[in-house]
Structure formats: C-alpha cells, structure tokens
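Same order as they appear, the protein sequences are chains A and B.
For the working numbering, count along the first sequence from 1 and bump the result up by 68.
For the working numbering, count along the second sequence from 1 and bump the result up by 545.
Everything below concerns the one structure shown next.
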Amino acid sequence: METTIVSFQNVSKRYHLKDAVQGLSFDLPAGKIIGFIGPNGSGKTTTLKLMTGLLRPTSGRVLFQHSRVRRIMAEHMAFLSDTGAVYGFYTVRQMVNYYAGVYREFNLDKAGAMLEFMQLDGGQHVRTLSKGQEGRLKIVLAVSRQAPLIVMDEPLSGLDPLVRQSILTGLISYIDLDAQTVVLSTHEVDEVEPILDMAVLLDHGEVRAMDSTDRIRETMGGSLLEWMKQALV
Amino acid sequence: MAEDFTSSQPIYLQLVERLCKQIVRGDLSPGEKMPSLRDMAIQVGVNPNTVQRVYTELERIAVAETRRGQGTFVTSDESRLLRLREELMVSYVTAFLNDMREMGFTLQEVMRSLKEHQAQGLPNDER
Numbered sequence: 069m070e071t072t073i074v075s076f077q078n079v080s081k082r083y084h085l086k087d088a089v090q091g092l093s094f095d096l097p098a099g100k101i102i103g104f105i106g107p108n109g110s111g112k113t114t115t116l117k118l119m120t121g122l123l124r125p126t127s128g129r130v131l132f133q134h135s136r137v138r139r140i141m142a143e144h145m146a147f148l149s150d151t152g153a154v155y156g157f158y159t160v161r162q163m164v165n166y167y168a169g170v171y172r173e174f175n176l177d178k179a180g181a182m183l184e185f186m187q188l189d190g191g192q193h194v195r196t197l198s199k200g201q202e203g204r205l206k207i208v209l210a211v212s213r214q215a216p217l218i219v220m221d222e223p224l225s226g227l228d229p230l231v232r233q234s235i236l237t238g239l240i241s242y243i244d245l246d247a248q249t250v251v252l253s254t255h256e257v258d259e260v261e262p263i264l265d266m267a268v269l270l271d272h273g274e275v276r277a278m279d280s281t282d283r284i285r286e287t288m289g290g291s292l293l294e295w296m297k298q299a300l301v
Numbered sequence: 546m547a548e549d550f551t552s553s554q555p556i557y558l559q560l561v562e563r564l565c566k567q568i569v570r571g572d573l574s575p576g577e578k579m580p581s582l583r584d585m586a587i588q589v590g591v592n593p594n595t596v597q598r599v600y601t602e603l604e605r606i607a608v609a610e611t612r613r614g615q616g617t618f619v620t621s622d623e624s625r626l627l628r629l630r631e632e633l634m635v636s637y638v639t640a641f642l643n644d645m646r647e648m649g650f651t652l653q654e655v656m657r658s659l660k661e662h663q664a665q666g667l668p669n670d671e672r
C-alpha cells in the first residue's frame, strides 16, 4: 500500500479579494516524482508554497506526514524556489557549506559528487555563475538535503535544453526514492514527463485532473501534453 | 540522456518492448545481468520507479528474473527466448499486415512483394 506524504483537504488561499487556489483536495504518495502542470497563473507556485508552509491556507488543511504543515517543518522539506536562495558573495563551496550548516541532514558527500556531476567549480563566486550554472547549483543544494520531501518550483524555467537535461539526469541519479518524494512544477511538460510518476493539472486555482503518467497514456493513448491540452479545452 | 518515446503508449511498455528487442537481437545475452534500476533509469532518462515497473513486467512474461540481493537477469531459459523471438515476429507482421490492409493491399499483393524481396535478399541479410 502507498503511504501518503502530503495531503490537501479543501484548501483555499485568498490574496485580498482574489482566490489564488480554491478547494484543493488531493493526497500525494510517498516515494514518487510528482509534477504540477498548468498554464501561467493556474496556482502552481501558491500550491507549492502552501505545501511547504511558506504560505498559510485561508481555509482548509495541509498535512505533511499526517500533521498540519507549519513553517517549522522546513527541516523536513527542501524548497527550491524560482527566485533567490543563493548568495552572490559566496563561492560555490561556501554556499554548499552554508547549507550544510543550516540543515543538519545535509549530505556533504552527495553535494560534492553532484557538484562534480554538474561540472560546477567550488571556487567560483556565485555572482559570476551563468544562469544555467546557478540553476544546477540550486538543484545540488536541494537534492543534497536528506529531506523526505523535495519541492521545486519551475526548476527548468529559463534554462537551455542541455542544462535542462543535465538537471533531469542529476535528479534521477541522486534522488533516493526509497526515502524521498519529489514535487515539482513545470512548463516543460514533454521533457519532464519521462521522469514523472504522476501529474496534477491545475487550472484557475483548481485541480482539473490528476493521475499516474502511465495510466494517462493507457487511457487516452497520448502524451501528458496532449492530456493537458484536452483537459483544458 | 533520453532516447525518444512515442506519445501513444505508456513509457514503461515502450521500454519493455525495447529490451525484448535487445534480447532477441542478442545485445543482451541469456542469463546476463541487467543494469541496476538507477543505472537503467539514467541510461534511458526515466524515473527509477518506471524501470522497476519494466523489470516487473519482464519478470511477469518470464523474460527476466530477479534474484534477491543480486539484481535482475535475462532468463537463461532458451526455449522462452525462442518463443519471445517468435512472438515479436508475429506481432510485427500482424501490425504490418493491418497497415497494408488499411491501404487496400490484398494478401496476394503483399506476398508477391515479399517474394520479390526474397529474390533480392533482405537489405541487411548477412547470410
């Protein structure tokens, strides 16, 4: 039987008078790679922030391993945001050490191996990294944490195809699905589909559909992207 | 990494078929150890859970076997492998004939064309 790691129960988040997400209800199984897909403004980032306790729901409950998500749980989750998270004045090595200091479960050996895999130079200053190198560094920082839940908001956005592939390969190579679950949001649906176990389609702040990627192809005889297009018509 | 997948079939099934072809071709020998879940995942650019499903399916059709703590191996049962070879041929010939029928060719026309090919020898027939 599958264990549930994250559970949304009728969750809504309202900014001022506008609902960013409404009535979200779903359970995410542990040990899977789960993709949140949907058009811009469909509520992907809000959903991921609610999941990691960076936002509090206006109503409803968000559970992580059966208890309510609070900000303090950050040590059980790695959140890779679309923006920020690295400091320009550090070198790559110092940045990794900083993370190792903040997060007790940070795996320095894994980080070292991943830096090499991602062809990053430990002595280089973060502010001099190209966008692609910074994207890869962020993946190293997130995946080197032994957190049971790794959440990545648009880890591929704005990166070139080669960098996107190295990030996906790095993820497959270093993630430990016996102990970790990955949730990511993406626009690169075709590219990410082969590494997903499951997809959740958001639209206008609501869950339009969710299913295992195998079943999506079995039942509709088309790819995830075609599924998404069909569901959004 | 990723070799391409067609959009119409679950990825794990495409991988099952790809591995069966490699076995029939002899790229993977009887009794040979298959790559670990992670190595195979990296090689083909999919999630390790998907490879698990592929190996489970290969076991279900008795083309591979998993030995506890040792990994997954191609079966060394030669008669099973001969049958696999036959099954692949039948499935490809059936699909081919369906395509031909859809385009309006009769079985006689197809046979005539096949015989012409036989007379010329297969394009890559090394024997």
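Glycine included, each C-beta is placed from N, C-alpha and C at the ideal position.
**Q.** Coil, strand or helix - E562 of chain B by DSSP
**A.** Mapped onto the second sequence, residue 562 of chain B falls at position 17. In the structure shown, E562 of chain B sits in a helix (DSSP, three-state: H, G or I).
Q) Would DSSP call D244 of chain A helix, strand or coil? A) Taking the first sequence and counting its residues from 1, one reaches residue 244 of chain A at position 176. Of the three classes helix, strand and coil, the one that applies to D244 of chain A here is coil, per DSSP.
Q: Could you pull out every unbroken beta strand (DSSP E) segment of at least 3 residues lying fully inside the stretch 71–109 of chain A, listed in chain order?
A: 72–83, 86–97 and 101–105
**Q.** Beta-carbon proximity list for Q298 of chain A, same chain, < 8 Å, skipping 5 on both sides
**A.** Counted from its first residue, the first sequence places residue 298 of chain A at position 230. Excluding residues within five positions, the ones whose Cβ falls inside 8 Å are M288 and G290.
Q.
Could you check whether the Cβ of S135 of chain A sits closer than 7 Å to any Cβ belonging to chain B?
A. Residue mapping note: residue 135 of chain A aligns to position 67 of the first sequence, counting from 1. No - not a single Cβ of chain B is within 7 Å of the one on S135 of chain A.
Q) Is L131 of chain A helix, strand or coil by DSSP? A) Position 63 of the first sequence, counted from the first residue, corresponds to residue 131 of chain A. DSSP places L131 of chain A in strand when its eight states are reduced to three.
Q) How about N78 of chain A and G128 of chain A: are their beta carbons less than 7 Å apart? A) Counting from 1 along the first sequence, the entry for residue 78 of chain A is found at position 10. Counting from 1 along the first sequence, the entry for residue 128 of chain A is found at position 60. A contact, by the Cβ cut-off of 7 Å.
Q | Option nearest T249 of chain A by Cα separation, candidates A:I207, A:K100, A:R276 and A:R204 | A | Working through the first sequence from its first residue, we reach residue 249 of chain A at position 181. Minimum Cα distance to T249 of chain A is reached at A:K100.
Q | Cβ of A586 of chain B within 7 Å of any chain A Cβ | A | In the second sequence, residue 586 of chain B corresponds to position 41, counting from 1. Chain A contact via Cβ: present.
Q) Quick one: is E286 of chain A near chain B, going by C-beta distance under 7 Å? A) As a first step, residue 286 of chain A is located in the first sequence; it is residue number 218 there, counting from the start. So yes, E286 of chain A belongs to the interface.
Q | Exposure of V608 of chain B, with buried meaning 16 or more beta-carbon neighbours within 10 Å | A | Start at 1 with the first residue of the second sequence, and residue 608 of chain B comes out as number 63. With 16 or more other Cβ atoms within 10 Å, it is buried.
Q. So Y242 of chain A packs on K178 of chain A, CB below 8 Å; how close in whole Å?
A. In the first sequence, residue 242 of chain A corresponds to position 174, counting from 1. In the first sequence, residue 178 of chain A corresponds to position 110, counting from 1. Going by Cβ atoms, the distance from Y242 of chain A to K178 of chain A rounds to 6 Å, so yes, they are a contact pair.
Q. By how many angstroms is the C-alpha of G156 of chain A removed from the C-alpha of P555 of chain B?
A. Position 10 of the second sequence holds residue 555 of chain B. Position 88 of the first sequence holds residue 156 of chain A. Straight-line Cα distance between these residues: approximately 43 Å.
Q) Smallest Cα separation from V164 of chain A: which of A:R138, A:R204 and A:M145? A) Mapped onto the first sequence, residue 164 of chain A falls at position 96. If we check each option's Cα against that of V164 of chain A, A:R204 comes out closest.
Q: Establish whether the CB of Y600 of chain B and some CB of chain A are separated by less than 7 Å.
A: For the purposes of this step, residue 600 of chain B is identified with residue 55 of the second sequence, where counting begins at 1. Judged by the 7 Å Cβ criterion, Y600 of chain B is not in contact with chain A.
Q) If you measure from the beta carbon of D282 of chain A to each beta carbon in chain B, is any gap under 7 Å? A) Reading the first sequence from its first residue, position 214 is the one you call residue 282 of chain A. Output row for D282 of chain A: interface = yes.
Q. Nearest to L270 of chain A by alpha carbon, out of A:T115, A:T72 and A:F76?
A. Against the first sequence, residue 270 of chain A aligns to sequence position 202. Here the closest residue by C-alpha is A:T115.
Q: For G616 of chain B, decide whether its Cβ has a neighbour in chain A, counting only Cβ atoms nearer than 7 Å.
A: In the second sequence, residue 616 of chain B corresponds to position 71, counting from 1. No, because no Cβ of chain A sits closer than 7 Å to the Cβ of G616 of chain B.
Q | Contact check, G111 of chain A vs V89 of chain A, beta carbons under 7 Å | A | Looking up residue 111 of chain A in the first sequence gives position 43. Looking up residue 89 of chain A in the first sequence gives position 21. In contact: G111 of chain A and V89 of chain A (Cβ atoms closer than 7 Å).
Q: Could you tell me the boundaries of the beta strand (DSSP E) in which V268 of chain A lies?
A: In the first sequence, residue 268 of chain A corresponds to position 200, counting from 1. Note, V268 of chain A: beta strand (DSSP E), M266 to D271.
**Q.** Residue closest to N594 of chain B, alpha-carbon to alpha-carbon, out of A:S280, A:T72, A:R285 and A:I284
**A.** By 1-based counting over the second sequence, the position of residue 594 of chain B is 49. Nearest of A:S280, A:T72, A:R285 and A:I284 to N594 of chain B, Cα basis: A:S280.
Q.
Against K100 of chain A, what residues of chain B qualify as contacts under a CB-to-CB distance less than 7 Å, listed in chain order?
A. Position 32 of the first sequence, counted from the start, is the residue given in the question as residue 100 of chain A. Neighbours of K100 of chain A on chain B, chain order: N594.
Q: Have a look at H134 of chain A and L573 of chain B and give me their C-alpha separation to the nearest angstrom.
A: On the first sequence, residue 134 of chain A is found 66 positions in, with the first residue counted as 1. On the second sequence, residue 573 of chain B is found 28 positions in, with the first residue counted as 1. Cα to Cα, H134 of chain A sits roughly 45 Å from L573 of chain B.
Q.
Using the three-state DSSP reduction, which class does T196 of chain A fall into: helix, strand or coil?
A. In the first sequence, residue 196 of chain A corresponds to position 128, counting from 1. Helix at T196 of chain A.
Q) Interface residues of chain A around S624 of chain B at Cβ under 8 Å? A) Numbered from 1 along the second sequence, position 79 holds the residue referred to as residue 624 of chain B. The contacting residues do not exist; S624 of chain B stays about 31 Å from chain A at best.
Q: Could you pull the start and end residues of the alpha helix (DSSP H) that A181 of chain A belongs to?
A: By 1-based counting over the first sequence, the position of residue 181 of chain A is 113. Note, A181 of chain A: alpha helix (DSSP H), L176 to F185.
Q. Is there a Cβ from chain B that is less than 7 Å from the Cβ of Y242 of chain A?
A. The count along the first sequence starts at 1 and reaches residue 242 of chain A at position 174. No - not a single Cβ of chain B is within 7 Å of the one on Y242 of chain A.
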